[in-house]
Every structure is written in structure tokens, then in C-alpha cells.
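For reference, the structure is listed below as C-alpha cells.
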Amino acid sequence: MSTLLELRGIEKRYDNGTLALAGVDLAVGRHEFVSLLGPSGCGKSTALKMIAGLSPVTAGSIDWTDKSADHAKDISFVFQEPTLMPWTQVFENVWLPLRLKGVSRQAAKPQIDAVLDKVGLAQFAHVYPRELSGGMKMRVSIARAMVTEPRLLLMDEPFAALDEMTRFKLNNDTLALWQAQQFTTIFVTHSVYESVYLSKRIIVMAARPGRIIADIPVDEPYPRLDSFRNTPRYAELCVKVSQALQRAGDHHG
Amino acid sequence: MAEPFQPAPDPGAVGALVPPSHLGGGGRTTGQTVQKILPFVVFGMALLAWELVVRINSIPHYILPAPTLVLGTLWDNLGSLMVSWLYTMKITFGALLLAVVGGVALAMLFALNKWVELCLFPFAIVLQVTPIVAIAPLILIFIDSTTAALLLCAWIVAFFPILSNTVVGLRSADHNLRDLFTLYRASPWQTLRFLLVPSAMPYFIAGLKIAGGLSLIGAVVAEFTAGAAGKETGLASRILEASFRTEIPKMFAALVLVSLTGIMIYLVFMGVSRLVLGKWHESEIKSSR
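Chains A and B are the protein sequences, given in the same order. If you're matching positions, the first sequence starts at 1 in this note's numbering and goes up one per residue. If you're matching positions, the second sequence starts at 254 in this note's numbering and goes up one per residue.
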């Protein structure tokens, strides 16, 4: 598997002197599904923002294998909240990334319709966000991220605020999209179970300062179905990841 | 290959898509009708009580005229009062327009540049905290044209709520959405148009509602200070004039016109608010419960 990007000795120090991340090295392969898992304050969200270019890197570098391409246009971001514009309808919300690139409504329409269809919201294009449930808002947020056909999808605890049934469903939908569209995903979560179910690889992080303490591969083939959650292999992996997370807690305890 | 995406929407969401009016029973509509009529009924009863008090106690009209007499006086003097009313309207809306243009432009400058705000905000506050009655005489001395002086007075009063609300509004954009605009490399103009202006709209409209009433107050107060001099005069001059001649019913008639103007301004901006925010902002959305 070829590398998409590599973090080398990444460090983040805030203006007040707090060291949020120290010496993080991480290579992410093309079409990988990597989860960043760790206690709060371990800098997993900060790492994601740095990859997106939304937060400056204090030391170290982020190197892309394909240096010629314009990476910013290949990245999409899904936040913990749906982060929709409440004043416009679903269609306009999904149009936003294309609109900012100067794509007209007419030209963007086929793409928007297709992506809304993929997230199961084809009939909801002309509805305001407030009329949707939490899960549906999150789907709109995912549709907006997918409409530019990104090579890298960054997700920052996207399903943390949803109920368990909705979360399971969105987990499956995310995996389906990821398999169909062949993008790379870096997924920040604090849930051991979610990370094991979704990922090819789990990066466990510890806090104060934020650093990587374990890199656990999940060698279960895709597509993964809900039945995967009932297998001994799943339980075994959850225990392994939990123990690593436990160590992460002990490190700064 | 990938498993197919299941298009079923989340449970519980469909109910939210039904317009609120479809949820209520028949009792709700009668309740709504009562709610709409009640304020008018109470107001009418208050007027009736006023009329009765004046008649029963035979209060002389130079102390307190009855509502019917006020209405009659208004009708008799409609021609001259209308001219004054139009003049007051001209000052009020002229000042409000200038307050909107100036307030929004300055708020955008403030939002773009911290230094501009740091340098200019003290002036805005000085304008805001100085009572208009206190500076109106000065303005009338400095500026030859009474109309221009009155406009300036009303503008000073109406300007600040627009400015301060719009500044807060422009800053209130969701920080994640800001990040998204940065990620997609939006130009400053795109960020302003697609993110900052819509985010600021509820705040701006709240400011507009306050400024609308204040510009009328500013116009009337400034004219009181200016006195009844000059060819072009507004309702405040009519009130002063009538008070000098102890024509109390005429005072009331002019007062009624001032109140009506205020109510009209209030209703217009309520409508604007509903039109602009009605579909999405919490303040304008009726609860479905």
C-alpha cells in the first residue's frame, strides 16, 4: 500500500506554552481507514486540524507523497456537530464547497443529487436543517464532505452525539461510502468499539503531551457487517485496544 | 463490492417534517383567534373607559380630552397635520436609512480590522451615552439647515444599536463553519456573503427593530429642542404649538399620529424579521408543542 501522507515529528505548542502534541510520527496509506483513539486532551482533534491545514504546526512537517497535487482541494472535514448553515436548505448546504469553487447551481446539481441519494436524503434536498433529526443532519454533513470527491476525509468524533442505533447505522453507511469511493479516512473517536468496528488500523494516543503509544492493526476483512460485533475476534480486539487505552490513561495519571 | 447504502431516513425525523399547523387539533385555531383579537378588545375597552371617565366626571377638554374629541380634532386638522406628519416621517426614515448604511459599513470595517474598532469604538460610545437633548442645541447652532440638523440628531440615536448589534452578529458565525470556509479556501468576499452576513442577520434585525423606534424618538426630541422655527416643521412642532395655545385636543391628535407612526415602524420591522428569519431562525419559528 502506498503512502498518502506522513506526519514527521509533529509538535503543537499553544501560545500559553501548553504542549498539545509532541513528536508524533504517523504514515497514512492510500485508502486506509485509520482511527485516532485516546482520552480527551490527547491532541487527536488537534492532529486532524493540522492535517487539514486549519491549525499551524509548531515543529515537524506533514509530507504528502504526491507533492505536485493541490492537497487542500482533496480534503474534506466532518465535525462533531453537523455544522450546517441553518439559513439555507439541504441542497444549498451540500452545494457550498462547489459554490466556493465557482461551480454554478445548474452545473453542481447532478453531483449534489447523486451524493444526497448516496446518503439516503434524495427527498430532503429542499428542507431546512432544523427540520431534520440529528442523524439526518450528520448525513447532510457527510454529503457535503463527499460532494467534492475528496481523497482524504477527516472525521472528528462525528457520531459521538448520536444515539447508539443511529450511530451503528451511520458507521455502516460510512464504511459503504469509503469502500465505494476509495478515499482515505482519518477518524477521531473516543469509543473503543467504534474504532474496532470501522478501522483498518487504530492509533492509540496518550495525553499531556499528546503522543502515539500504540498502533494496532485490525485484520478483519471488509465489508464488515453488524454480525462482526458478535464475533470473538471483535471482542478480542476490543480488549486489546482497551488495554492500550488503559495504558494511555496510566501514562499521565 | 460495497454493500448498498440504505436510504431509509432515521426514525422520528419524519414527524418533524410535518408543518406545525398540521399537528394541532381544532381547539388550537380558536385559541389562536382569541390570541389575535384579545389585545384589540382590551385596547378598545381602555379607550371606552377613558371616554366614560371624561364624560361622567365632566373633565374639561383643556385638561383631558375624550378619545372621540381627539379623533374629531384629528379629522378637522388632517390637512396641516398630514404635512407635519410627512416631514417627521422624512426625518425618521432618512435618519434610519443613514443609520443602517453607516452602522453596517462601520460594523464591517470593525469585523475586518481590530484596529479600526479599537480607534473608533470610543467615539461610537460617546455618541451613544450623550443624551440627545443635551447635544441637539449645539447641533442646531453648528448646522444651518434645520432639516439636516434634525436628521443628524435622529441618526445619532438610531446609529448605535445597528452598529453594536451588527458587530456582534458578524462575529457570531459558527467557528466550525469558519474553518470549513478556510478549508475550501473561500475568498473574504465569499466568506462575508455566504457566512458572515447570514449569521449576522438576526442580530442586525434586532438592532433594526430598536433603531426604528429610536429614530422616531430622535426626530421628535430634536424637533422639540429646535422649537417651532422654520418653514418645514414636523409633528413635534405641532405639539409645542398646540401646548402654547392650550389646544390640548390638538396636542393629543398630533400625539396619536406620533404613536401610530411608531406602531407602524414596529409592525414593518416585525414583518421584515418574519420574512428574513421566518424559515430558519429560532426567534421566528413557532414551537410545534
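Yeah, the Cβ is synthetic: ideal placement off N, Cα and C, and Gly gets one too. Nothing here was measured: the structure is a model prediction, and the numbers come from that model.
- Each of B:337, B:402, B:430 and B:504 was checked against the Cα of residue 144 (chain A), and the nearest Cα belongs to B:430.
- Beta-bridge partners of residue 24 (chain A) (DSSP): A:10.
- Between residue 204 (chain A) and residue 37 (chain A), the CB-CB gap stays under 8 Å.
- Residues of chain B whose Cβ lies closer than 8 Å to the Cβ of residue 13 (chain A) do not exist, since the nearest Cβ in that chain is about 20 Å away.
- Residue 29 (chain A) is bridged by DSSP to A:3.
- For residue 502 (chain B), the enclosing alpha helix (DSSP H) has its first and last residue at 501–530.
- Interface annotation, residue 435 (chain B): in contact with chain A, CB-CB separation under 8 Å.
- Relative to the Cα of residue 362 (chain B), the nearest Cα in the group B:341, B:441, B:285 and B:316 belongs to B:441.
- Ranked by how close their Cα comes to the Cα of residue 472 (chain B), the residues B:296, B:504, B:349 and B:325 have B:349 in first place.
- The Cβ atoms of residue 151 (chain A) and residue 159 (chain A) lie no closer than 8 Å to each other.
- An exposed status is given to residue 335 (chain B), since fewer than 16 other beta-carbon atoms sit within 10 Å of its beta-carbon.
- Rounded to whole angstroms, the Cβ separation of residue 433 (chain B) and residue 46 (chain A) is 17 Å, and the two are not in contact under 8 Å.
- Put simply, the backbone Cα of residue 315 (chain B) is about 7 Å away from that of residue 499 (chain B).
- Here DSSP, grouped into helix, strand and coil, assigns residue 397 (chain B) to coil.
- At least 8 Å separates the beta-carbon of residue 511 (chain B) from that of residue 385 (chain B).
- Each of A:116, A:121, A:120 and A:221 was checked against the Cα of residue 147 (chain A), and the nearest Cα belongs to A:116.
- Secondary-structure assignment with DSSP links residue 201 (chain A) through a beta bridge to A:34 and A:217.
- At a cut-off of 8 Å, the C-beta of residue 83 (chain A) has a neighbouring C-beta in chain B.
- Fewer than three pairs of CB atoms, one per stretch, sit closer than 8 Å, so the stretch 83–98 of chain A makes no contact with the stretch 18–35 of chain A.
- Residue 372 (chain B) sits exposed, since fewer than 16 C-beta atoms from the chains shown fall within 10 Å of its C-beta.
- When beta bridges are read from the DSSP output, residue 113 (chain A) appears opposite no residue.
- Under the three-state reduction of DSSP output, residue 185 (chain A) falls in the strand class.
- For residue 318 (chain B), the CB contacts under 8 Å within the same chain, skipping 5 residues up- and downstream, are 307, 326, 501, 502 and 505 in chain order.
- The C-beta of residue 492 (chain B) has 16 or more other C-beta atoms within 10 Å across all chains shown, which makes the residue buried.
- Scanning A:29, A:128 and A:77 for the CA closest to the CA of residue 64 (chain A) turns up A:29.
- Contact annotation: the stretch 458–468 of chain B touches the stretch 410–429 of chain B, with at least three C-beta pairs closer than 8 Å.
- Between residue 11 (chain A) and residue 21 (chain A), the beta carbon gap of about 6 Å places them in contact (Cβ cut-off 8 Å).
- Take residue 199 (chain A), set aside five residues on each side of it, and the residues of its chain with a beta-carbon closer than 8 Å to its own are 33, 34, 35, 187 and 218, in chain order.
- DSSP lists A:78 and A:187 as the bridge partner or partners of residue 155 (chain A).
- Where residue 338 (chain B) is concerned, the enclosing alpha helix (DSSP H) starts and stops at 331–365.
- In terms of beta-carbon proximity, residue 442 (chain B) stays away from the interface with chain A, with every pair separated by 8 Å or more.
- Rounded to whole angstroms, residue 406 (chain B) and residue 374 (chain B) show a C-alpha spacing of 19 Å.
- Against chain A, the beta carbon of residue 451 (chain B) has neighbours under 9 Å at 85, 86, 87 and 88, listed in chain order.
- Residue 341 (chain B) and residue 400 (chain B) have their C-alpha atoms spaced approximately 10 Å apart.
- Counting only the Cα atoms, residue 214 (chain A) lies some 10 Å from residue 247 (chain A).
- Bounds of the alpha helix (DSSP H) holding residue 432 (chain B) are 428–436.
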